[in-house]
Structure formats: structure tokens, C-alpha cells
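*Asks:*
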Amino acid sequence: MRYQTILDTVRAEVSPLVGCGRVADYIPALATVDPSRFGMALATADGTVYGVGDWQTSLSIQSISKVFSLAMALSGDDEEIWRRVGREPSGSPFNALQQLENDRGVPRNPFVNAGALVVVDHVLALTGDPTGAVLDLLRTEADNPAIDVDRQLAKSEAGNRHRNAALAHLLADYGALTHPVDVVLDQYTDLCAIAMSCRDLARAAGFLARHGLRADGSRLLSRSTAKRLNATMLTCGTYDSAGEFAYRVGLPAKSGVGGGILAVVPNRCTVAVWSPGLDESGNSCAGRAALDAFTTLTGWSVF
Ligand code: DON
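Per this note's numbering, the sequence shown starts with residue 21, numbered consecutively.
Right, dumping it as C-alpha cells:
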């Protein structure tokens, strides 16, 4: 089946579900997004992109940024980060404080907020500017220099980040941060507030489908590291419903509370889908249904 036909078929199948769930409202600027939006883009491993619906409209990538921060932390085949962050599914909400206390300051995985804060701290030491480094990567891979932080959204989140601040202070208390709490929080907030389209997201993540190779053929991650990053997305990328997501979709994926989900079909393509209504775990409701329909239609789950 042709890629465009696949996307058109998926869209037709999920269109009754668009608008299901609830738009995230704990960040005031996110609450204003139109819940009837739906976009989906597929980038083949050679970088050709196909799309449907609002696939060229900017969305707030939120926690999908955690994939790119982790890729920066792991680039150069640096395994150091795994001394500071675990690799187990959390089974708890992404911003749980209690789990971090129980785990004595070693976050369960790099995709819960505590884990992402430690990753940002690590990338601060590597690059001095995690947001700048991630933006460089995104702009180059997507071939779109306009990708940037949505300043209004970042400000809106910064004014409401009490729980993330609590996580960062708890980490600092355990000696798990090497930079000041506010510096780490500002970087984390800016990374979450990056705005880009499904088209750009699908293209920017192409290295995950190409076993670590960037669009120009240079290496970002070793083959083994790319495989492991995909494995971590599969087991930990969709909050406390990673099991259900693997059961329904069967692809490495990372979601964000802006309603985006990025999924990888290793060796073949990357898919980005966006619809702002979220299920109870914080995953896009129609987005997950679209990826479920996508793997059912194509048979391209990793299982
Ligand atoms: O930390 C937050 O609350 C958001 N900026 C990101 C949330 C999100 O997408 C889910 N986090 N894992």
C-alpha cells in the first residue's frame, strides 16, 4: 500500500475519535489549543515525508523533547547517564514525587520528569546549552531553521512548574544534580516548549529509524545506542500506560501532553501524530488510536 493511502485510511478510521479525551490544562497556554486538531506525518528512512490533516501545523512537543535530550546525552556513545537514571517503566504518573523519594534520587527512567531533569543536567555539562543543542539537531534534521521555543508557552509553564521544581529540589537534595536547580528547570521548561509540526518531528527523529545515522549519513548514535534508545521508548515512552501502548501499537514511541506522539518503525520510517485530547495517562487519545490503526493496517509493529 502507498504511504499516502495508509495515512488517508488511518485518518478516516480515527476521525470519529478526534476530540476525545481532555486537553492538558495544567499549563494555561496549553489549555487554549483547539481539541479538534488532528495531524499525522510519516517520514521514510530516506527523508521523504507524507502527511494528512494538520501535519504542517506547530504543536507543543512537551515531553517528546525528552527523546532528543536523551539522544544528546547518549551521543558519542556516552553511557555515563545510565549511572544516574534507571531504565525501568515507572508505572506511576510522570511527575510523581513519591517514587523519586522511594528510589532515593535515582529516577526510574529518563522519560519521567525527574529522569529528564537529570538528563538535562547531564547535557548541560556536555554542551553548556541543552536547548540550543537540541534546537540545532532538530533544525538540521528537519531542514527547517524556523523551529524554536514558543516563548509564551515557556513563560506560562515556568509560572506553574511547582511540581517540577519540587522534583528538582528533591534531586538536588540527593546530590543528583551538578547545576543549580533554576538553571536545570529553565532548560527543561524551554525544551518542553519547543514548537514544531508533525512533519518536522517525523523528519527530525529519522536517526532512530536509521540505526543512529543523521540525515546527511553522519553518525549521531552508535547502532547499539540507537537500538537501546528505541527500547527505552517502547518500555517507558508513554507514561504509566507503556504496557497498554505496546499491546495496542507495538512501536517505540514517546508522547507529550501537547497531544503529540512520535513513533519509530526501525529500518523503515518515523511517524508523528498530533491531536490535543489526552487520555487518563496523558497520551493523545486520537493519536494513540491512529497509531493502533496504523500498525494494524501495515503490520509494522516490532513484534
Ligand atoms: O513537565 C511537564 O509538566 C511538561 N512540561 C511536560 C509534560 C509531558 O509532556 C509529560 N511528561 N513526561
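Every residue, glycine too, gets a C-beta built ideally from N, C-alpha and C.
Where does Asp54 sit, in a helix, a strand or coil, going by DSSP?
*Replies:* coil
*Asks:* Between Leu233 and Asp98, what straight-line distance do the alpha-carbon atoms span, to the nearest angstrom?
*Replies:* 16 Å
*Asks:* Could you have a look at Ile281 and say whether DSSP puts it in helix, strand or coil?
*Replies:* strand
*Asks:* Thinking C-alpha only, which one of Gly96, Ile84 and Thr290 is nearest Gly302?
*Replies:* Ile84
*Asks:* Would you call the region 206 to 225 in contact with the region 286 to 302, where contact means no fewer than 3 C-beta pairs closer than 8 Å?
*Replies:* yes
*Asks:* Checking 8 Å against the spacing of the C-beta atoms, do Leu157 and Gly278 come in under that value?
*Replies:* no
*Asks:* Classify His142 as buried or exposed, calling it buried when 16 or more other Cβ atoms lie within 10 Å of its own Cβ.
*Replies:* Under this definition His142 is a buried residue.
*Asks:* Only counting the same chain, and skipping five residues up and downstream in sequence, which positions put a Cβ closer than 6 Å to that of Asp312?
*Replies:* Arg268 and Val269
*Asks:* Would you give the residue range spanned by the beta strand (DSSP E) that Cys289 belongs to?
*Replies:* Cys289 to Trp294
*Asks:* Out of Pro55, Val30 and Asp45, point me to the one whose CA is closest to Leu173's CA.
*Replies:* The option with the nearest alpha carbon to Leu173 is Asp45.
*Asks:* Between Val53 and Val43, is the Cβ-Cβ spacing less than 8 Å?
*Replies:* yes
*Asks:* Give me the Cα-Cα distance between Asp74 and Arg57, rounded to the nearest whole angstrom.
*Replies:* Within the model, the alpha-carbon separation for Asp74 versus Arg57 is close to 7 Å.
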